[in-house]
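Chains as they are written, first to last, in our numbering: chain A, 393 to 754; chain B, 393 to 754. Okay, structure first, notes after.
Quick look at the structure:
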């Protein structure tokens, strides 16, 4: 593989801020949206980072995303709220809804917020890290367009529907769980197809619902498999997790759900037969530690837990056992020092965005 | 396999109530505990049902479980509480904590309760069905003694740590998610060893951390694998889920966590080096629907979701796609009509309990 060109995180962040401003976002929202987008690149989750800037711009340019949404609470109790995102970017709507969850936690001990009428919100981990930085246990989920088959099914019905939960620590960094509920990320299948490599069994099925190692089959009528991969290994559990996210974000949130969630980027609105809700749905939560335990005691217990689990005897061929969030922190340290490597196709897209917006890229 | 003797659900329930009363539980608690225990047998989750009655009696007889616990709130906010179970049976402590979560949801929109100093609480699904029957979205988790290795580890560090969430529906039955976070239940490995059968790859590792198909290896120094089974298939996600449960129930709850959780039944207290908290920990939650959406609209949307997912084109060799909770409901219909089949060893145990307590079994 040829060496990729790398770009400093700050350069990418500044570029995204100016592009979003040019696309009509208020300056504060542009910075917030750039923070989330570039956090993905910094943490090594390239599929959710700056490679999505061009599609976001197309959503804004075509009018299918609202650059200045009126994000509003449509129902609430002391500890819960339902939010309408007014068709804004998830990168703008998500932080406002997350802030509502955190404010409710401050007042009532916990806060739980559904969101409808939003778009993709970047990496779920961003939101729970924001909560952990404030000393809260943060939760974030989102549904997405269907790519994953239910257990026993032969058609994509659920998104990769991530679940993220973050816990503040003491001397240790926060514990950050951020996981899709499919066996593997869609991006890995796309890359294997591009490189002409077969993929492991357990990742995808073909259009007839048969397991296959051909990445092309998954992209032409097939589907990703839920976490667990096979009946024998408990793929009904991955299905349950994907369903949980869809039921909270889509059904409870009042957004579209299951097979009725529109793809992230299509050239025009497509007709899925009927409309069951508005846009993408999210679910945010925040729990105040002192509602359960002295926060200093909790932070010491989390540190103890992290150190105990890192000290687990490793299996053969494994250096050491990690704690949730460690892999992304390693990427973050590397990329903060050495920049973010971008594929030539992504750089080409950013040059197009630069031309279209008049914001210099380099 | 010889045909097993079956017993009517009502007979088992009545027997358990009288045994628990004889062991010193107040009558109301004895009925509550029997409801949960026998719900497992009725729903086909035999490992959590009446086969545990004898061990529960031994816990009570030896003084390691408190038949009349003073279950009390030790911290609280409008929507959260920390509960001390006073060493009671989880079957008694769990419902009281779950009731606190539901009452807080009535008042504040949601309720979230940690529990320390408890014991095993039966099937997690029982608690979320109780919430769904009251029109709430219910959550229940518990940690347990270590049987599952973390991703990359070669020692058991986490319990099978189940996650349950239940959603009330309209004309459809409630959607009930209730899943362990390991690839497979420990009981299936025990049964394979008893029958002298190999087990599929992806279930367990041996004491050196190598995958194996020998069930005996898992029971002699090995461990269960987390959901996902291998690095390639995302077993770090199963590890994350098991960790989530341990962090909420154990670390936040103030109970023991990870490798320091005591086994369910040991002949005496064992020394795990140090004590990091008290007893088993649970986590309960309840969300009021009308904090997010009109409840009638929500129930109609859940029904729509269930019907849409059941209509997914099935894979080859699959009759139809199910909705979470369907398999247990099928078992419930069968066992309500035909009784609960019990293995001879379980019947023998119940006869011993009968002799010890003077409660007639048949």
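Glycine included, every Cβ here is placed at the ideal spot set by N, Cα and C. Bear in mind the structure is a predicted one, so any value in this text is a computation, not a measurement.
Cβ-based burial, residue i [other Cβ within 10 Å; buried from 16]
i	result
residue 730/B	exposed
residue 728/A	exposed
residue 454/A	exposed
residue 659/A	Caution is warranted here: a pLDDT of 47 is assigned to residue 659/A, below 50, making its placement in the model unreliable, and the coordinate value is therefore given only provisionally. With fewer than 16 other Cβ atoms within 10 Å, it is exposed.
residue 645/A	buried
residue 476/B	buried
residue 554/B	buried
residue 612/A	exposed
residue 637/B	buried
residue 672/A	buried
residue 502/B	buried
residue 740/A	exposed
residue 464/A	exposed
residue 546/B	buried
residue 486/A	buried
residue 509/B	buried
residue 490/A	buried
residue 752/A	exposed
residue 744/A	exposed
residue 590/B	exposed
residue 712/A	exposed
residue 586/A	exposed
residue 551/B	buried
residue 736/A	exposed
Terminal residues of the alpha helix (DSSP H) in which residue i lies
i	result
residue 581/A	578-587
residue 420/A	419-434
residue 517/B	516-525
residue 444/B	Residue 444/B -> no alpha helix (DSSP H), and no H or E assigned at all.
Beta-carbon spacing of residue i, residue j below 9 Å
i	j	result
residue 734/B	residue 511/B	no
residue 700/A	residue 630/A	no
residue 582/A	residue 607/A	yes
residue 513/B	residue 437/B	no
residue 707/B	residue 535/B	no
residue 570/A	residue 556/A	yes
residue 563/B	residue 695/B	yes
residue 515/B	residue 559/B	no
residue 468/B	residue 683/A	yes
residue 409/B	residue 423/B	yes
residue 614/B	residue 604/B	yes
residue 601/B	residue 716/A	no
residue 433/B	residue 484/B	no
residue 642/B	residue 668/B	yes
residue 407/A	residue 746/A	yes
residue 616/A	residue 520/A	no
First and last residue of the uninterrupted beta strand (DSSP E) at residue i
i	result
residue 533/A	528-534
residue 397/A	397-399
residue 468/A	464-468
residue 680/A	672-680
residue 569/A	567-571
residue 693/B	Segment 687-702 is the alpha helix (DSSP H) holding residue 693/B; no beta strand (DSSP E) there.
residue 509/B	502-510
residue 555/B	555-559
residue 474/B	472-476
Beta-carbon separation (whole angstroms), residue i vs residue j, contact threshold 8 Å
i	j	result
residue 500/B	residue 471/A	5 Å
residue 542/A	residue 549/A	5 Å
residue 732/A	residue 401/A	6 Å
residue 677/B	residue 493/B	6 Å
residue 425/B	residue 518/B	11 Å between Cβ atoms; not a contact.
residue 538/A	residue 447/A	At roughly 18 Å, the Cβ-Cβ gap does not stay under 8 Å, so residue 538/A and residue 447/A are not in contact.
residue 340/B	residue 738/B	It is not possible to answer for residue 340/B, since the shown part of chain B is limited to 393 through 754.
residue 575/A	residue 619/A	5 Å
residue 592/B	residue 593/A	13 Å between Cβ atoms; not a contact.
residue 479/B	residue 461/B	6 Å
residue 507/A	residue 628/A	Their Cβ separation, rounded to whole angstroms, is 28 Å, which puts residue 507/A and residue 628/A out of contact at 8 Å.
residue 497/A	residue 691/A	No, residue 497/A and residue 691/A are not in contact; Cβ-Cβ is about 17 Å, not under 8 Å.
- Item | 4-residue-minimum alpha helix (DSSP H) runs that sit fully inside the region 601-659 of chain B, ordered along the chain | Fully enclosed alpha helix (DSSP H) runs of 4 or longer: 607-611 and 627-638.
- If you scan the region 714-752 of chain B from start to end, which runs of the beta strand (DSSP E) of 3 or more residues do you find wholly inside it? 732-734
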